[in-house]
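Protein chains in written order, with the numbering used here: chain A, 82 to 91; chain B, 214 to 425.
One structure is given below, encoded as structure tokens.
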């Protein structure tokens, strides 16, 4: 799982 | 971007618009917790610091700026422009009881011990409980105007839709973030009682009134 993917959420 | 996330974001945006319109049109912020609005301003400020460091998309940048700007605008309207209408006697929740544990938890449970990462994690934890002063105010006065109920419903739906988004991303993209998921679950659970009252009362045209 890539944590930075969640950062593209708001 | 999947449909759950899009509708989650739109629901969040709708909540903010409803709140600002309510305050602006009625020239009053009665029934709204300034404490919750301060917490939201802190949440967006600490979460969107990455606006300075990372570019993701025009949509992402636009929404982040809107969320930060409107949260400050709301606090300004409540504490400055329409200060006289602010329900300060009922808005007595102590926000340090939410901020301090969120800080400690973010320092202990995070993905990476860096300033930006800890602040991001803090904002996720704080957001999950930021609505408590508002729910406390509603329970203290025993009622909420319909427009305030619509605001709360839109705001609560946003994280519930994000939960569906995370379920979708887990299966479709093999992606999950446990910190966001657990905090999102807590956040949504806090609204459950309100959701029940909203569906059984407000949608049937009645005012949201808590049982005596």
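Every residue gets a Cβ at the ideal spot worked out from N, C-alpha and C, and that includes glycine.
- Taken in chain order, the members of the segment 273-291 of chain B whose beta-carbon sits within less than 8 Å of a beta-carbon on chain A are 273, 276, 277 and 280.
- Per DSSP, residue 424(B) lies in no alpha helix (DSSP H) segment and is marked neither H nor E.
- With fewer than three CB-CB distances shorter than 8 Å, the segment 289-298 of chain B does not count as touching the segment 258-278 of chain B.
- Here the segment 330-343 of chain B makes no contact with the segment 224-233 of chain B; the two share fewer than three CB pairs at distances below 8 Å.
- In this structure, residue 215(B) and residue 378(B) form a Cβ contact; the two beta carbons are roughly 6 Å apart against a cut-off of 8 Å.
- Here residue 317(B) is exposed, its C-beta having fewer than 16 other C-beta atoms within 10 Å.
- Interface flag for residue 263(B) against chain A is set, since a Cβ pair is found closer than 8 Å.
- Residues 253, 254 and 257 of the same chain have their beta carbon placed closer than 6 Å to that of residue 284(B), with the five preceding and five following residues left out of the count.
- Around the beta carbon of residue 410(B), 16 or more other beta carbons lie within 10 angstroms, which makes this residue buried.
- Here the alpha carbons of residue 249(B) and residue 280(B) stand approximately 14 Å from one another.
- When only Cα atoms are considered, residue 386(B) and residue 353(B) end up about 44 Å apart.
- Between residue 362(B) and residue 415(B), the C-beta gap is smaller than 8 Å, which places the two residues in contact.
- Within the DSSP secondary-structure output, residue 357(B) pairs in a beta bridge with 421(B).
- The beta carbon of residue 269(B) falls within 8 Å of a beta carbon belonging to chain A, placing the residue at that interface.
- Distance from the Cα of residue 421(B) is smallest, within the candidate group 383(B), 359(B) and 313(B), for 359(B).
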